[in-house]
Amino acid sequence: MEHRFASDCHNHSHCSPDGDHSVAAMLARAQELGLYAYTLTDHCECQKWPDRYCERVQRAWQEMTEAPVPQGLRFYRGIELGQPNQDPRSAALALEGRDYDFVIGSLHNIRGFEDFFFLDYSKEPPDAIPRLLDAYFAELTELIDWGDFDTLGHLTYPLRYIEGDHGIPVDLDRHRDQIDQIFRLLIQKDKALEVNTSGLRQKIGRTLPDLPLLRRYRELGGRLVTLGSDAHCTGDLGKGIDEGMETLKAAGFTEFALYVQRQPVLLPLE
1 MEHRFASDCH NHSHCSPDGD HSVAAMLARA QELGLYAYTL TDHCECQKWP
51 DRYCERVQRA WQEMTEAPVP QGLRFYRGIE LGQPNQDPRS AALALEGRDY
101 DFVIGSLHNI RGFEDFFFLD YSKEPPDAIP RLLDAYFAEL TELIDWGDFD
151 TLGHLTYPLR YIEGDHGIPV DLDRHRDQID QIFRLLIQKD KALEVNTSGL
201 RQKIGRTLPD LPLLRRYREL GGRLVTLGSD AHCTGDLGKG IDEGMETLKA
251 AGFTEFALYV QRQPVLLPLE
């Protein structure tokens, strides 16, 4: 890693349905990369808690607790809560009795729809995507109002597929007021905004959110930002973190946040 404090705080082991490698393997890779700190955040899609995620969350916690941590590696235990606003009771159960260091709040699908990954945007009328994004940003405000998370994951997640995989351009100017509202709510509630670097290795080719939105967040008074590769295998761990740190510097930030026992520890973007 090029930066002294490079840390990866969003990634997944085989305890997530789409993860490939064990917790021990991810830890070993984090040490090999020379990460300053490593936080593992396996999935919990809250609206699917009873059927698919109760046992997975228990397993992830057990493996994170029992896996040997390589000497010198700062390791923190986290979770990514998907759609906690859609099922707050299950979200609370996912957190109950587990002393997480870090909780990501994410929205992978809006009510009544599948994950944005699965939608076929080419079959929709021209106004469908703006309406879909209106609903997405509105639900993000619900998620922030729910509030039991530390950072908001991949703000522009739908664009990973709409623009990246399907090649359909999106004009975010239409949603500027909604995005500003999200930024102001995060600032008001002292929550962080994640810089998700997965887009740098995918077709979209930029961080989620990207530089213009990070500049706007900073302009509105945003201070707390976190970094994560969203890796689902050892080969992607740490990818884009150095670039993400440079993007944050270009947006005017001098520090980023690492969470320990649900509290931000600010580190310089050296």
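According to the working numbering, numbering within the sequence shown proceeds without interruption in unit steps and concludes at 270.
Every residue, glycine too, gets a C-beta built ideally from N, C-alpha and C.
Counting C-beta pairs closer than 8 Å gives three or more between the segment 12-22 and the segment 228-247, which meets the contact rule. PHE102 and ARG77 have their C-alpha atoms some 7 Å from each other. If you check the CB distance, GLY240 and GLU194 do not come in under 8 Å.
Of the other Cβ atoms in all chains shown, 16 or more fall within 10 Å of the Cβ of SER7; this residue is therefore buried.
Note on the segment 59-114: whole alpha helix (DSSP H) runs with a minimum of 4 residues are 88-95, in chain order.
With respect to ASP180, LEU220 sits close: the two C-beta atoms are nearer than 8 Å. Looking at the backbone, the Cα of GLU142 and that of ARG218 are separated by about 22 Å. Around the Cβ of THR254, a 10 Å sphere holds fewer than 16 other Cβ atoms; the residue is exposed. DSSP, read as helix, strand or coil, puts LEU186 in helix. The three-state reading of DSSP puts ASP173 in helix, counting H, G and I together. Proximity to ARG206 across GLY82, VAL23, ARG184 and LEU155 peaks at LEU155, based on C-alpha coordinates. Contact check for ARG216 against PHE183 passes: the beta carbons are separated by less than 8 Å. Where LEU269 is concerned, there is no enclosing beta strand (DSSP E), because DSSP gives it neither an H nor an E. PRO126 and GLY167 have their C-alpha atoms some 14 Å from each other. For the pair LEU95 and ASP148, the CB atoms are nearer than the 8 Å cut-off. Spanning the alpha carbons of LEU133 and GLN178 requires a straight line of approximately 10 Å. In the structure shown, THR207 adopts coil according to DSSP, grouped into three states. With fewer than 16 other Cβ atoms from the protein chains shown falling within 10 Å of its own Cβ, LEU266 counts as exposed.
Put simply, the segment 156-175 touches the segment 197-211. At least three CB pairs are less than 8 Å apart. For GLU255, the enclosing beta strand (DSSP E) has its first and last residue at 255-260. The distance from the Cβ of HIS175 to that of PHE137 is about 6 Å, consistent with a contact at the 8 Å cut-off. In the DSSP annotation of this structure, the continuous segment of the alpha helix (DSSP H) that includes GLY244 starts and ends at 241-250. It is roughly 8 Å from the alpha-carbon of THR197 to the alpha-carbon of GLU243. In this structure, DSSP gives THR197 a helical state, which the three-state scheme calls helix. Beta-bridge partners of TYR38 (DSSP): ASP8 and PHE75.
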